[in-house]
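Protein chains in written order, with the numbering used here: chain A, 218 to 640; chain B, 661 to 1017.
Quick notes on the structure that follows.
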Amino acid sequence: MAKKHHTPMLDELEKGPWPSFVTDIKRMAETGKDACADLLGQLELSYKDKEGHWKHGGIVGVLGYGGGVIGRYSDVPDLFPGVEHFHTVRVNQPAAKYYHSDAIRKIMDIWARRGSGMLNMHGSTGDLVLLGAFTDELEPIFAELTANGWDLGGSGSALRTPSSCLGKSRCEFACIHAEDICYDLTQSYQDELHRPAWPYKFKFKVDGCPNCCVASLARSDCAIIGTWRDDIRIDAAAVSAYAAGEFAANGGAHGQDVKLDIQKDVCDLCPTQCMAWDGKTLFINNKECTRCMHCINMMPRALRPGVDTGASILVGAKAPILDGAQMGSVIIPFIKMEPPYEEFKEFVEKMWEWWDENGKNRERIGETIQRLGLGAFIAAVDLEPDPRMVKEPRSNPYVFYKEDEVPGGFDRKIEDYRKRHAR
Amino acid sequence: MAERLTDIGPPKYDSFWPQVIKDNAGKWLYHDILEPGVLLHVAESGAKIWSVRAATTRLMTTMMVEEICKIADQFCDGHFRFTTRNNVEFLVSDLAKLEPLKKALAAAGNLPIGGTGACITNIVHTQGWVHCHTPAIDASGVVKSVMDDLFEYFGSHKMPAQVRISLACCLNMCGAVHCSDIAILGVHRKPPVIEHTHVDKMCEIPTTIASCPTAAIKPSKVDDFKSVAVNADRCMFCGNCYTMCPAMPLADADGDGVALWVGGKVSNSKSMPKFSKLAVPFIPNEPPRWPTTVKLVKQIVEAYAQGANRYERLGEWAERIGWERFFEKTGLEFTHHHIDDYRFAATTWRTSTQFKW
């Protein structure tokens, strides 16, 4: 008979309309998966104690890789032996998380045989996360995964698994081929991904447009965000159709019955006020546009990004640990992003070299930049200062002039000064 | 070992694309959300693809994946994808399959359709007590409880704009919740308890000392054991020392709980991206259904839904009416914990006589 623990608190999570992870794990437990039964048992104990029951880390992995597997052990293994080892295997997801049932079934087959049968679709960084393996199973799991065309993602002080939005595959807003950039970076930097060698983690995320559906500017050390330099494309007939109430506002996001008031909903909400509507024609002063996407979001059938497309590169985003949360800062306002992305990779390698040399242990690049200054960083990556890099110029007067910026340098003789000025 | 494969990377992104995407990638013309959870994309060629979005639990079993595969086999030639917010999308290029697909999802009972447009979509979250070693709260149980209560807003377009809720079970924020409309964050409130007999065995003392952002840790000798001491007045409960040193756990049933943060966004649309700001400093852990957390999230959502203009994100609404008004409208208490006292604190203080009564 399948193992089962008394879980009165977790049973409460089987109620209600939202899908229940408890119900799902219970049915897997009923097939004889002790790991599932014991996970629920241990979780019930955590609900009772209001404290987690996993030990602190543990170094496990597969041969030749410095990451991709996170060690985890129960601190109550006698009660729940099925989760005594509960290591995580991060499987690098395909960009934009497209799957075919044939391919994913192969992973599921490996995982149901050799692991707990529980997983995350997906982890926060993007990996398909297999949750709960015993140490002895790690090498066989890895061998079977790679034999089926899958590899591990990143962990530790390494390049973490890059991720992207679905980009050009199914989005008309995509200004760059987000999935191809994500795949190319993943393949180009396999060594950096699998063998941690840096001060701390480093994440790439690729967003096809400034709507930032993968939150690149909040969640990645290097955000690649699609944008354009020319004019928004206007389909005048479609603008008229919006005005006539033939199309739903905002791509139907508020229901098909909600129509658009072009003046109020589009022009008046434009942050730069660069649009005008006279009841017949929509004018956009593209030179003043900051490409926020609002008007395009509002009328996707009438407006499209321009065709001179590329990316803005923002560096340094991270969650709060340690100095507080940071968003990425604009480092490259515009760069063309065409395969093989050589110009971008040259920048990336300069950036890593500087961080590797200057970053302290467990310091994200955003913190290194904060500590040493944005000026020092852009000099290291051979970029010129640009007002687009800042919200406003400095308001404090303490400029760190370098000696070579001042005629005659810093080396002066007090005797010369005293010839002109009595003591 | 000679044939050991390494560094092959993931399958190429287009390996699993349905044919209609292979044919039309980069040539999509526009999209239209036909009803909650159902998106239509139309290509320059006139080709169409319908995507039906459904919620998943993120934490699932191989049996759940098999359920998804079966539906994908039946209606989508095996193709499906996941979104960044833990939803699954079933893709069809034949309109005749759309209604039967929706019926099959409704019949499945555990794949509710929704998550598009002006809704409250699925919660991005972390592992909590299911797998993590540093959590202050559970993740999956809190998400389940909150989404049960907000369920009507997942499968509808009743919000003024999209509402993105995220959960991270400690300040490490693997969930990077710091730019969410509503963030549910696990917080500790007690300094680490030090296992002096084991600090020197389990930890590197200099690295542990260096890990503290406020320099609250110093070396100390306790009963002949080389250990550390923590200045409790300087501890901000970040848990960074515990990450470096397993002999300094923070977790505590009474100390740990939930904080709620509001008004963040990552999109550049209209206003600049924003950080989430503190709304509720602390709610005790209340397993299994976290009723106070659920109630206060709903309270924020309802105040926003009532007060915001259409297309206005939660943070844009709060900034328009003013944060003093936000606390009035939501009925939340403003306390001394809401006033920042860390590194960038001064940037958040009011330096103007402009405020509302």
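Note that CB positions come from ideal geometry on N, CA and C, so glycine has one too.
Residue range of the alpha helix (DSSP H) that Glu563 of chain A falls in?
-> That run of the alpha helix (DSSP H) goes Glu559 to Asn575.
How would you write the range of the beta strand (DSSP E) that Met720 of chain B sits in, first residue to last?
-> Per DSSP, Met720 of chain B is one residue of the beta strand (DSSP E) stretching across Leu719 to Thr721.
Proximity below 7 Å, CB of Ser374 of chain A to CB of Pro413 of chain A | Closer than 7 Å, so yes.
Is the segment 300–320 of chain A in contact with the segment 352–359 of chain A, if contact means three or more CB pairs nearer than 8 Å?
-> Counting C-beta pairs closer than 8 Å gives three or more between the segment 300–320 of chain A and the segment 352–359 of chain A, which meets the contact rule.
Could you tell me whether the segment 717–726 of chain B touches the segment 330–349 of chain A, using the rule of 3 or more Cβ pairs below 8 Å?
-> The segment 717–726 of chain B makes contact with the segment 330–349 of chain A, as at least three CB pairs between them are under 8 Å.
Could you tell me whether any Cβ in chain B is nearer than 7 Å to the Cβ of Cys509 of chain A?
-> Among the CB atoms of chain B, one or more fall inside 7 Å of the CB of Cys509 of chain A.
Integer-rounded CB distance, given that Met862 of chain B should sit under 8 Å from Glu906 of chain B = Before going further, note that residue 906 of chain B is Pro rather than Glu in the sequence given. Sure, about 5 Å apart at Cβ, within 8 Å.
Length of the line joining the Cα atoms of Cys392 of chain A and Arg518 of chain A = Taking the CA atoms as reference points, Cys392 of chain A sits about 16 Å from Arg518 of chain A.
My guess is that Ile783 of chain B and Met819 of chain B are in contact by the Cβ rule of under 8 Å, so how many angstroms apart are they, rounded?
-> About 15 Å separates the beta carbon of Ile783 of chain B from that of Met819 of chain B, a gap too long to meet the 8 Å contact definition.
At a Cβ threshold of 7 Å, is Ser887 of chain B touching chain A?
-> Chain A contact via Cβ: absent.
Please say whether Cys830 of chain B and Gly846 of chain B have beta carbons closer to each other than 7 Å?
-> Yes.
Kindly indicate which residue of B:Val954, B:Thr1008, B:Asp667 and B:Asn900 has the alpha-carbon position closest to the one of Val279 of chain A.
-> If we check each option's Cα against that of Val279 of chain A, B:Asp667 comes out closest.
Would you kindly check if the distance between the Cβ of Gly924 of chain B and the Cβ of Cys792 of chain B is under 7 Å?
-> The answer is no: Cβ separation not under 7 Å.
Three-state secondary structure assigned by DSSP to Thr526 of chain A = In the structure shown, Thr526 of chain A sits in a strand (DSSP, three-state: E or B).
Specify the secondary structure class of Glu354 of chain A as computed by DSSP and reduced to three states.
-> It is helical.
With DSSP as the reference, please indicate the residues paired to Trp1022 of chain B in a beta bridge.
-> Beyond the ends of chain B as shown, which are 661 and 1017, falls residue 1022 of chain B; an answer cannot be given.
In chain A, which residues lie with their C-beta within 7 Å of the C-beta of Arg713 of chain B?
-> Within chain A, no residue has its beta carbon less than 7 Å from that of Arg713 of chain B; the closest one is some 12 Å off.
Give the residues from the segment 972–994 of chain B that approach chain A closer than 8 Å (Cβ to any Cβ), ordered along the chain.
-> So nothing in the stretch comes that close.
Whose CA, out of B:Gly991, B:Val940 and B:Lys934, lies closest to the CA of Glu976 of chain B?
-> Minimum Cα distance to Glu976 of chain B is reached at B:Lys934.
Cβ of Asp251 of chain A less than 7 Å from any chain B Cβ?
-> Interface flag for Asp251 of chain A against chain B is unset, since no Cβ pair is found closer than 7 Å.
Indicate whether at least one CB of chain B lies closer than 7 Å to the CB of Lys267 of chain A.
-> Judged by the 7 Å Cβ criterion, Lys267 of chain A is in contact with chain B.
Could you give the uninterrupted runs of the beta strand (DSSP E) lying entirely in the segment 329–413 of chain A, keeping only those of 3 residues or more?
-> If one requires a minimum length of 3 residues, the beta strand (DSSP E) runs lying completely within the segment 329–413 of chain A are 335–338 and 345–350, in chain order.
Distance between beta carbons of Ala528 of chain A and Thr403 of chain A, contact taken as under 8 Å | Going by Cβ atoms, the distance from Thr403 of chain A to Ala528 of chain A rounds to 17 Å, so no, they are not a contact pair.
Could you please give the first and the last residue of the uninterrupted beta strand (DSSP E) stretch that includes Trp977 of chain B?
-> Careful: Trp977 of chain B lies outside any beta strand (DSSP E), inside the alpha helix (DSSP H) at Leu974 to Ile981.
Under the DSSP definition of a beta bridge, which residues are partnered with Leu230 of chain A?
-> Its beta-bridge partners do not exist; DSSP assigns none.
Euclidean distance between Cα positions of Val918 of chain B and Ala703 of chain B | One Cα belongs to Val918 of chain B, the other to Ala703 of chain B, and the distance between them is close to 45 Å.
Identity of the residue in A:Tyr558, A:Ser546 and A:Gly625 nearest Gly590 of chain A by Cα = Measuring from the Cα of Gly590 of chain A, the nearest candidate turns out to be A:Ser546.
Per-residue contacts from Lys672 of chain B into chain A (C-beta, under 7 Å) | Ordered by position in chain A, the residues that pass the 7 Å Cβ test against Lys672 of chain B are Tyr400.
Straight-line CA distance for Asn502 of chain A to Gln1014 of chain B?
-> Using only the alpha carbons, I get a separation of about 33 Å.
When you compare each of B:Asn928, B:Lys708, B:Ala1006 and B:Phe750 to Ser318 of chain A by their alpha carbons, which one comes out closest?
-> Of the candidates B:Asn928, B:Lys708, B:Ala1006 and B:Phe750, the one whose C-alpha sits nearest the C-alpha of Ser318 of chain A is B:Phe750.
Use the C-beta contact count for Thr781 of chain B: other C-beta atoms within 10 angstroms, 16 or more gives buried, fewer gives exposed.
-> Buried, by the Cβ-count rule.
Counterpart residues of Ile1044 of chain B in DSSP-defined beta bridges = No answer is possible for residue 1044 of chain B: the residues shown for chain B start at 661 and end at 1017.
Extent of the continuous beta strand (DSSP E) to which Met492 of chain A belongs = Counting along the chain, Met492 of chain A sits inside the beta strand (DSSP E) bounded by residues Met492 to Trp494.
DSSP beta-bridge partners for Arg307 of chain A?
-> Arg307 of chain A pairs with A:Val346.
Opening and closing residue of the beta strand (DSSP E) in which Ala440 of chain A lies = Cys439 to Trp445 is the span of the beta strand (DSSP E), which, as asked, contains Ala440 of chain A.
Using 10 angstroms around the beta-carbon of Gly299 of chain A, count the other beta-carbons present and answer buried if the total reaches 16, otherwise exposed.
-> Buried is the call here.
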